[in-house]
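Visitor:
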Amino acid sequence: MNIFDHYRQRYEAAKDEEFTLQEFLTICRQDRSAYANAAERLLMAIGEPVMVDTALEPRLSRLFSNRVVARYPAFEEFYGMEDA
Numbered sequence: 007m008n009i010f011d012h013y014r015q016r017y018e019a020a021k022d023e024e025f026t027l028q029e030f031l032t033i034c035r036q037d038r039s040a041y042a043n044a045a046e047r048l049l050m051a052i053g054e055p056v057m058v059d060t061a062l063e064p065r066l067s068r069l070f071s072n073r074v075v076a077r078y079p080a081f082e083e084f085y086g087m088e089d090a
């Protein structure tokens with residue numbers, strides 16, 4: 007593959023698509039992320055939280071005062087992010 011084929015392939019992959027209104031509404035019906043704003047797309051990328059009841063674990067109950075804390079699997083390596 008020469009450089010021109012590579013450039014053409016990258017251009018075709020990044021080219022914007024045009025849809026009719028009916029096609030766009032059909033896509034929106036099937037895929038919620040088609041009309042999501044940036045914040046909603048970010049939340050979809052992070053994923054759903056796992057709710058942890060800290061009253062059930064003695065070590066966590068001292069840290070979080072027996073609260074239910076949301077933990078995100080994407081951030082399991084970041085300690086102390088539960089309250090953020």
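Numbering (my numbering), first residue to last: 7 to 90. Positions of the beta carbon are idealized from the N, C-alpha and C atoms, including for glycine. Predicted model, so just to flag it, every value in this text is computed and none were measured.
Between the region 69-79 and the region 52-60, can you find at least three pairs of beta-carbon atoms closer than 8 Å?
Guide: Touching, yes.
Visitor: Relative to the C-alpha of Glu23, which residue among Asn8, Ala40, Gln36 is closest?
Guide: Numbered from 1 along the sequence shown, position 17 holds the residue referred to as residue 23. Looking at the Cα atoms, Ala40 is the closest of the given residues.
Visitor: Quick one: does the C-beta of Arg47 sit closer than 7 Å to a heavy atom of the ligand COA?
Guide: What this structure holds is no ligand at all, so the ligand COA is not there to describe.
Visitor: Just list the beta strand (DSSP E) runs in the region 26-60, keeping only unbroken ones of 3 residues or longer that don't cross its boundaries, in chain order.
Guide: Listed in chain order, they are 56-59.
Visitor: Verify whether the separation of the beta carbon atoms of Met50 and Ala44 is less than 8 Å.
Guide: Translated into positions along the sequence shown, residue 50 becomes position 44. Translated into positions along the sequence shown, residue 44 becomes position 38. No, Cβ-Cβ distance for Met50 and Ala44 is not below 8 Å.
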